[in-house]
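Note that the numbering used here has the sequence shown beginning at 68, numbered continuously upward. As structure tokens, the structure follows; a few thoughts come after it.
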Amino acid sequence: MINFNKKNILAFGGFCAVIFAGAAASAIITADAIPEWYAALKKPAFNPPDAVFGPVWTCLYFLMAVSAWLVWQSPASKNRARAMAIFWVQLALNFAWSFIFFGAKLPGIALFEILLLWASILAMIVFFRQESRIAAWLQAPYLCWVTFAAVLNFEIWQLN
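So this is what it looks like as structure tokens:
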């Protein structure tokens, strides 16, 4: 059961703050590459319009925060510690992808990195499920989107 006491509400705010601050920093640092370099790349027909990415990632980051917060509230255990460690690893990999793909302009290396991200998301879901089924299911859209992003990354790499 979720306890909405001050500590838990502050913790949820902390998860949101860290996740969205990281996303904002990633976006700001890589913003220069998007208008010129990314726009000039050949993309597959199934590439979504640029306007889709912001709202999708905002929703996914919010679901990450809720999910991590739910797991954080579960009783302390080795599994919870592992689950939270994997959460932070996948979040670092998530942010790193933008730097590799957009910042360094290395779609081939970004493809390898996104496969590591995908595996870490899957591992996170497995460990989260042992603490909270809801937390695990909240990550399903993220896994689906990163699967799509990996295919898109591969196609962009192949086309360019």
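For each residue, glycine too, the CB sits at the ideal point set by N, CA and C. Predicted model, so just to flag it, every value in this text is computed and none were measured.
Task: Spatially closest choice to residue 142 from 84, 195, 121, by CA coordinates - done: Comparing Cα positions, the closest option is 195.
Task: Given residue 125 as reference, the closest of 109, 212, 191 once Cα atoms are compared - done: Answer by Cα proximity: 212.
TODO: Compute the Euclidean distance between the alpha carbons of residue 133 and residue 202, then round it to the nearest angstrom.
DONE: Cα to Cα, residue 133 sits roughly 7 Å from residue 202.
Task: Neighbourhood of residue 178 by C-beta, 6 Å cutoff - its chain only, sequence neighbours within 5 removed - done: If the five residues before and after residue 178 are omitted, its C-beta is found closer than 6 Å to the C-beta atoms of 220, 221, 224, all from its own chain and listed in chain order.
TODO: Measure the C-alpha to C-alpha separation of residue 185 and residue 107 and round it to an integer number of angstroms.
DONE: The alpha-carbon separation between residue 185 and residue 107 amounts to approximately 27 Å.
Open item on the list: Just verifying my parser: in three-state terms, what is the DSSP assignment at residue 109?
Closed with: Secondary structure at residue 109: coil, using DSSP grouped into helix, strand and coil.
- [ ] Under 8 Å Cβ to Cβ from residue 310, same chain only, skipping five residues before and after it: list those, please.
- [x] Lying outside 68 to 227, the shown extent of the chain, residue 310 is not represented and no answer is given.
Open item on the list: Let's see if you can read the secondary structure: which residues bound the alpha helix (DSSP H) around residue 121?
Closed with: Here the alpha helix (DSSP H) through residue 121 covers 117–140.
Open item on the list: To test your reading of the DSSP string, which unbroken alpha helix (DSSP H) runs of 4 or more residues are found completely within the stretch 190–217?
Closed with: Those alpha helix (DSSP H) runs which fall completely within the stretch 190–217 and span 4+ residues are 200–204.
Open item on the list: Is it the case that the stretch 91–101 contacts the stretch 153–160, given that we only count it when at least three CB pairs across the two stretches are under 8 Å?
Closed with: Taking a cut-off of 8 Å on C-beta distances, the stretch 153–160 does not touch the stretch 91–101, as fewer than three cross pairs fall below it.
- [ ] Can you have a look at residue 95 and say buried or exposed, based on whether 16 or more other CB atoms are within 10 angstroms of its CB?
- [x] Residue 95 should be labelled exposed.
- [ ] Go to residue 104, then tell me how far its alpha helix (DSSP H) extends in each direction, as first and last residue.
- [x] Counting along the chain, residue 104 falls outside any alpha helix (DSSP H), and DSSP gives it neither H nor E.
Task: Of the residues 104, 76, 118, 129, the one placed nearest residue 87, counting alpha carbons only - done: The candidate whose alpha carbon is nearest that of residue 87 is 129.
Task: Straight-line gap, residue 215 to residue 103 (C-alpha atoms, nearest Å) - done: Going by the C-alpha atoms only, they are around 23 Å apart.
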